[in-house]
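With the numbering used here as the guide, the letters of the sequence shown map in order to residues 6 to 138.
Just so it is clear, CB atoms sit at the ideal spot from N, CA and C, and this is done for glycine as well.
What follows is one structure encoded as structure tokens, with my remarks underneath.
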Amino acid sequence: MATGAAAAPEAPAISPSKRARAAEEGTMRLRFSRLSEHATAPTRGSARAAGYDLYSAYDYTVPPMEKAIVKTDIQIALPSGCYGRIAPRSGLAAKYFIDVGAGVIDEDYRGNVGVVLFNFGKEKFEGRIKMNQ
């Protein structure tokens, strides 16, 4: 009598919609509150995006070779054991010479999330700003 491992049964095919739902359910959700009517909810660029995009709550002007602290009017509640990371968006740097100052949001911070922007360009930068976290 021969012994050996039995072949594993073939897995049933999973529809693309079920696969997408399963992937979405496995992601963490960001809990947040708007501190004003000017706040824009954080968004994800795709289901597999590395983080959430943040938006300035107001129009800002950042003069050439200067910096500004941009308020989001968003308050976040991070999961236990996690921290938030503010990271640059390559598009802002490539198009406008705007750099986002890297920052850390502590798990227990409940204030207005602000982002430091640096303008390394020769012209002022104006408008509402989409930033990455």
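Beta-carbon proximity of ASN117 to MET70, cut-off 8 Å: Taking the first residue of the sequence shown as 1, we reach residue 117 at position 112. Taking the first residue of the sequence shown as 1, we reach residue 70 at position 65. Their beta carbons are not under 8 Å apart, which means ASN117 does not touch MET70 by this criterion.
Rounding to the nearest angstrom, what Cα-Cα distance links ILE103 and ILE134 in this structure? Taking the sequence shown and counting its residues from 1, the one referred to as residue 103 is at position 98. Taking the sequence shown and counting its residues from 1, the one referred to as residue 134 is at position 129. A direct Cα-Cα distance of roughly 10 Å separates ILE103 from ILE134.
Please return the same chain residues whose Cβ sits closer than 7 Å to the Cβ of PRO68, not counting the five positions on each side in sequence. Counting from 1 along the sequence shown, the entry for residue 68 is found at position 63. Here the set comprises ASN124, LYS129.
Local conformation of ALA62 per DSSP, three classes: Here residue 62 is taken as the residue at index 57 of the sequence shown, counted from 1. Collapsing the DSSP output to three states places ALA62 in coil.
State the beta-bridge partners of ASP78 as determined by DSSP. Within the sequence shown, residue 78 is the residue found at index 73, counting from 1. In the DSSP output, where bridge partners are listed per residue, ASP78 has none listed.
The segment 42-59 in contact with the segment 106-115 per 3-pair CB rule at 8 Å: No: fewer than three Cβ pairs fall under 8 Å.
For LEU122, the three-state DSSP class (helix, strand or coil): For the purposes of this step, residue 122 is identified with residue 117 of the sequence shown, where counting begins at 1. In this structure, LEU122 counts as strand in the three-state DSSP scheme.
Have a look at VAL105 and ALA62 and give me their C-alpha separation to the nearest angstrom. Taking the first residue of the sequence shown as position 1, residue 105 is located at position 100. Taking the first residue of the sequence shown as position 1, residue 62 is located at position 57. Roughly 16 Å between the two C-alpha positions.
Report the three-state DSSP secondary structure of SER41 (helix, strand or coil). Residue 41 sits at position 36 when you count from the first residue of the sequence shown. Judged by DSSP in its simplified three-state form, SER41 adopts coil rather than helix or strand.
If I measure Cβ to Cβ from ASP111 and keep anything under 7 Å in the same chain, skipping five residues before and after, which residues do I get? Locating residue 111 in the sequence shown gives position 106, where the first residue counts as 1. Closer than 7 Å at Cβ, skipping near neighbours: TYR88.
Where does VAL75 land, buried or exposed, given buried means 16+ other C-beta within 10 angstroms? Within the sequence shown, numbered from 1, the residue matching residue 75 stands at position 70. Sixteen is the threshold: when 16 or more other Cβ atoms of the shown chains lie within 10 Å of the Cβ of VAL75, as they do, the residue is buried.
With a threshold of 16 other CB atoms inside 10 Å of the CB of VAL120, please say whether the residue is buried or exposed. Stepping through the sequence shown from its first residue, residue 120 is reached at position 115. Classification of VAL120: buried, given that the 10 Å Cβ count is 16 or more.
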